[in-house]
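K.L.:
I have a structure I would like to understand better, so I am pasting it below and will then ask my questions one at a time.
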Amino acid sequence: MLCRISTKALVSRALKGPSVGGALIQTGLLTVHERLATETLDRAARPWRSTAPVRTLHVSTVRWSKLEPKKEESKNISIKSRVKNLWSTVKYLFRFYLNGVKQIWRNRDLVKAVQQHVRETKRDYTWEETQMIRTHSSDMLKLPLFLLILVTVEELLPLMVIYTPFLLPSTCILPSQIVKIRQRLEVNREEAIKKIQVLVPTAQDVQPKSDSLQDALAALPTASLRELTIIYNLSRWGTDGFRRKRIMDHVRQLQEDDKRLKVAEVLQDGNVNMELLANACTQRGLCAVSVTAAQMKQMLRVWLDHTLATPALPSLDLVLLPSCIPRLKSQELPLDTIVEEQEKQSIQEKASTVVNEVVEQEKRKEASQHM
């Protein structure tokens with residue numbers, strides 16, 4: 000039943016406090032006209048009260064109390080996942096480089112077995128065996144510094160792959176990383192060959208004192224020595240005398256290798272070993288990326304036809320031979336464009352790419368072992 004309250008009673012009760020009229024209004028026990036009258040009397044009785052409409056904000060403390068732990072929990076989960084991913088990455092990196100060190104020791108046993116067999120049979124080394132022995136000797140020289148970095152600052156190893164790959168053992172570099180290294184090398188080599196062709200247009204423009212390799216290098220312009228070290232993938236540090244010595248030793252070594260390479264299995268038609276072919280081309284200043292196995296074999300045969308010809312090729316022509324052999328390439332994206340895109344990346348992006356490649360490689364290896 001609705002109750003009727005007089006106006007005077009409303010006024011007297013409004014002066015006592017806002018709870019009565021407000022309570023009646025909220026409970027709906029007053030009619031519309033009585034509500035308006037009550038509000039008018041309240042404003043008249045209490046002029047100091049604000050006449051602005053008041054809105055009630057319904058806040059559920061229970062709801063907020065439930066949300067706050069979820070935020071903390073999500074933060075904890077995020078931190079835990081990051082730590083877990085970081086530990087997983089470090090584990091895969093360490094496993095990859097540790098397996099590379101173990102491979103060096105396995106190669107050591109292979110080298111010893113080959114050397115013992117050669118001594119017993121008194122035969123000559125094959126070209127493949129000489130490559131394995133030289134690569135292993137180089138890896139053994141790099142091993143102490145590599146182990147020191149591995150156990151102290153392992154995070155530097157991805158940066159070494161990018162900027163100082165010559166300090167890393169061959170067993171600790173992925174094939175995909177080797178391709179990128181050769182791409183940068185090939186771009187620099189093409190520029191060096193263009194500069195050599197400008198500095199020494201023809202061999203007739205240089206008159207060495209004799210046909211010896213030492214006199215031929217001494218007769219070349221000084222600026223061409225640096226370009227030759229780039230072409231043959233040699234170290235460029237030091238004075239011109241050091242560069243000249245490195246080039247002379249390298250060319251003499253190639254003369255010995257050419258005799259073995261002529262009859263090597265790697266040049267046989269049925270044999271396709273891209274890594275050995277690429278190494279042979281790189282050592283001779285020939286293109287080793289964006290080419291097929293058949294194209295690399297063709298360039299190597301052209302090289303051998305010149306170096307093993309009778310009569311022997313003049314020493315000056317032998318040194319400048321890489322700039323004379325046609326550089327066969329497949330019709331792909333130009334290497335300078337690919338290298339330029341790689342150089343646009345920041346140091347962090349490059350290092351992250353190297354780490355991801357190593358981690359993916361180890362994950363695939365781990366998955367294949369569990370199959």
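Residues in the sequence shown are numbered consecutively from 0, following numbering that gives the first Met the number 0.
For every residue, glycine included, the Cβ atom is placed at its ideal position computed from N, Cα and C.
Given 8 angstroms as the limit, is there contact between the region 256-265 and the region 298-308, that is, 3 or more CB pairs closer than that?
P.N.:
In short, these stretches touch, since the Cβ pair count reaches three.
K.L.:
Taking 8 angstroms as the cut-off, decide whether the C-beta atoms of Q196 and S322 are in contact.
P.N.:
On the sequence shown, position 197 is the one that residue 196 refers to. On the sequence shown, position 323 is the one that residue 322 refers to. Yes, these two residues count as a Cβ contact at 8 angstroms.
K.L.:
Using DSSP with H/G/I as helix, E/B as strand and the rest coil, what is L312?
P.N.:
Position 313 of the sequence shown holds residue 312. Coil, per DSSP.
K.L.:
Report the residue from L212, P310 and T281 whose alpha carbon sits nearest the alpha carbon of V178.
P.N.:
Here the question's residue 178 lines up with position 179 in the sequence shown. Per the Cα distances, T281.
K.L.:
Name the residue from E365, I180, M247 and S367 whose alpha carbon lies nearest to the alpha carbon of I337.
P.N.:
The count along the sequence shown starts at 1 and reaches residue 337 at position 338. Of E365, I180, M247 and S367, the residue nearest in Cα terms is I180.
K.L.:
Count the other CB atoms within 10 Å of the CB of F95; is the residue buried (16 or more) or exposed (fewer)?
P.N.:
Sequence index remark: in the sequence shown, residue 95 carries index 96 (1-based). By the neighbour-count rule (16 or more Cβ atoms within 10 Å), F95 is buried.
K.L.:
Answer with buried or exposed for G284, where buried requires no fewer than 16 other C-beta atoms within 10 angstroms of its C-beta.
P.N.:
The residue given as residue 284 occupies position 285 in the sequence shown. Per the 10 Å Cβ criterion, buried.
K.L.:
Under 8 angstroms Cβ to Cβ from N270, same chain only, skipping five residues before and after it: list those, please.
P.N.:
By one-based count along the sequence shown, residue 270 stands at place 271. Cβ neighbours of N270 beyond the five flanking positions: E264.
K.L.:
Just tell me which of E365, Q368, D256 and S209 has its CA closest to the CA of E128.
P.N.:
To locate residue 128, count along the sequence shown from 1; it is residue 129. Closest by alpha carbon: D256.
K.L.:
Work out the CA separation of N355 and S80 for me, nearest whole Å.
P.N.:
Mapped onto the sequence shown, residue 80 falls at position 81. Mapped onto the sequence shown, residue 355 falls at position 356. Roughly 17 angstroms separates the two Cα atoms.
K.L.:
Using three-state DSSP, classify Y231 as helix, strand or coil.
P.N.:
By one-based count along the sequence shown, residue 231 stands at place 232. Residue state, collapsed to three classes: coil.
K.L.:
How long is the line joining the alpha carbons of K296 and V205, rounded to whole angstroms?
P.N.:
In the sequence shown, residue 296 corresponds to position 297, counting from 1. In the sequence shown, residue 205 corresponds to position 206, counting from 1. Their Cα atoms are separated by approximately 31 angstroms.
K.L.:
Could you check where the alpha helix (DSSP H) with R245 kicks off and where it finishes?
P.N.:
Reading the sequence shown from its first residue, position 246 is the one you call residue 245. It spans D239 to L260 - the alpha helix (DSSP H) in which R245 sits, taken as one unbroken run.
K.L.:
Just the Cα atoms here: how many angstroms apart are L334 and H116?
P.N.:
Numbered from 1 along the sequence shown, position 335 holds the residue referred to as residue 334. Numbered from 1 along the sequence shown, position 117 holds the residue referred to as residue 116. When rounded, the distance between both Cα atoms is 43 angstroms.
K.L.:
Under a three-way DSSP split, which group does K121 fall into?
P.N.:
For the purposes of this step, residue 121 is taken as the residue at position 122 of the sequence shown. In the structure shown, K121 sits in coil (DSSP, three-state: anything other than H, G, I, E or B).
K.L.:
Return the residue from the list S289, N232 and A217 that minimises the CA-CA distance to L184.
P.N.:
Here residue 184 is taken as the residue at index 185 of the sequence shown, counted from 1. Checked all of S289, N232 and A217; the closest Cα to L184 is N232.
K.L.:
Taking 8 angstroms as the threshold (C-beta atoms), are L166 and K193 in contact?
P.N.:
To locate residue 193, count along the sequence shown from 1; it is residue 194. To locate residue 166, count along the sequence shown from 1; it is residue 167. No, these two residues do not count as a Cβ contact at 8 angstroms.
K.L.:
Distance, Cα to Cα, A202 vs L275?
P.N.:
Sequence index remark: in the sequence shown, residue 202 carries index 203 (1-based). Sequence index remark: in the sequence shown, residue 275 carries index 276 (1-based). Going by the C-alpha atoms only, they are around 31 angstroms apart.
K.L.:
Alpha carbon to alpha carbon, how far is V318 from W104?
P.N.:
For the purposes of this step, residue 318 is identified with residue 319 of the sequence shown, where counting begins at 1. For the purposes of this step, residue 104 is identified with residue 105 of the sequence shown, where counting begins at 1. The alpha-carbon atoms of V318 and W104 are separated by roughly 36 angstroms.
K.L.:
Alpha carbon to alpha carbon, how far is E348 from A215? Give it in angstroms, no decimals.
P.N.:
Sequence index remark: in the sequence shown, residue 215 carries index 216 (1-based). Sequence index remark: in the sequence shown, residue 348 carries index 349 (1-based). Cα-Cα distance, rounded: 45 angstroms.
K.L.:
On the three-state DSSP scale, how would you describe Q267?
P.N.:
Within the sequence shown, the letter at position 268 stands for residue 267. Looking at Q267 - three-state DSSP - the assignment turns out to be coil, as it is neither helix nor strand.
K.L.:
Please report how far the alpha carbon of L173 lies from the alpha carbon of V357, in whole angstroms.
P.N.:
In the sequence shown, counting from the first residue as 1, residue 173 sits at position 174. In the sequence shown, counting from the first residue as 1, residue 357 sits at position 358. Going by the C-alpha atoms only, they are around 7 angstroms apart.
K.L.:
Could you say which of L253, E119 and H249 lies nearest to L307 if we only look at CA atoms?
P.N.:
The residue you call residue 307 lines up with position 308 of the sequence shown. Among L253, E119 and H249, the Cα nearest to that of L307 is on L253.
K.L.:
Measuring CB to CB, does V199 end up less than 8 angstroms from L219?
P.N.:
Within the sequence shown, residue 199 is the residue found at index 200, counting from 1. Within the sequence shown, residue 219 is the residue found at index 220, counting from 1. Result yes, Cβ atoms of V199 and L219 sit closer than 8 angstroms.
K.L.:
For P157, is the classification buried or exposed, using 16 other Cβ atoms within 10 angstroms of its Cβ as the cut-off for buried?
P.N.:
Position 158 of the sequence shown, counted from the start, is the residue given in the question as residue 157. It is buried - the Cβ of P157 has at least 16 other Cβ atoms within 10 Å.
K.L.:
In whole angstroms, what separates the C-alpha of S234 from that of R251?
P.N.:
If you number the sequence shown from 1, residue 234 lands on position 235. If you number the sequence shown from 1, residue 251 lands on position 252. The alpha-carbon atoms of S234 and R251 are separated by roughly 17 angstroms.
K.L.:
Could you tell me which of A311, V186 and A217 sits nearest to E339, measuring between CA atoms?
P.N.:
For the purposes of this step, residue 339 is identified with residue 340 of the sequence shown, where counting begins at 1. Looking at the Cα atoms, V186 is the closest of the given residues.
K.L.:
Rounding to the nearest angstrom, what Cα-Cα distance links E365 and R118 in this structure?
P.N.:
Numbered from its first residue, the sequence shown carries residue 365 at position 366. Numbered from its first residue, the sequence shown carries residue 118 at position 119. Between E365 and R118, the C-alpha separation is close to 40 angstroms.
K.L.:
Just verifying my parser: in three-state terms, what is the DSSP assignment at W302?
P.N.:
In the sequence shown, residue 302 corresponds to position 303, counting from 1. In the structure shown, W302 sits in a helix (DSSP, three-state: H, G or I).
K.L.:
Quick check: I376 and V353, are their CB atoms within less than 8 angstroms of each other?
P.N.:
No answer is possible for residue 376: the residues shown for the chain start at 0 and end at 370.
K.L.:
Does the Cβ of A277 have 16 or more other Cβ atoms within 10 Å, making it buried, or fewer, making it exposed?
P.N.:
Here residue 277 corresponds to residue number 278 of the sequence shown, with the count starting at 1. Per the 10 Å Cβ criterion, buried.
K.L.:
Report the option in V150, D138 and R188 whose CA atom is closest to the CA atom of P164.
P.N.:
Reading the sequence shown from its first residue, position 165 is the one you call residue 164. Comparing Cα positions, the closest option is D138.
K.L.:
What's the C-alpha gap between T309 and I229?
P.N.:
Numbered from its first residue, the sequence shown carries residue 309 at position 310. Numbered from its first residue, the sequence shown carries residue 229 at position 230. T309 and I229: Cα-Cα distance of roughly 29 angstroms.
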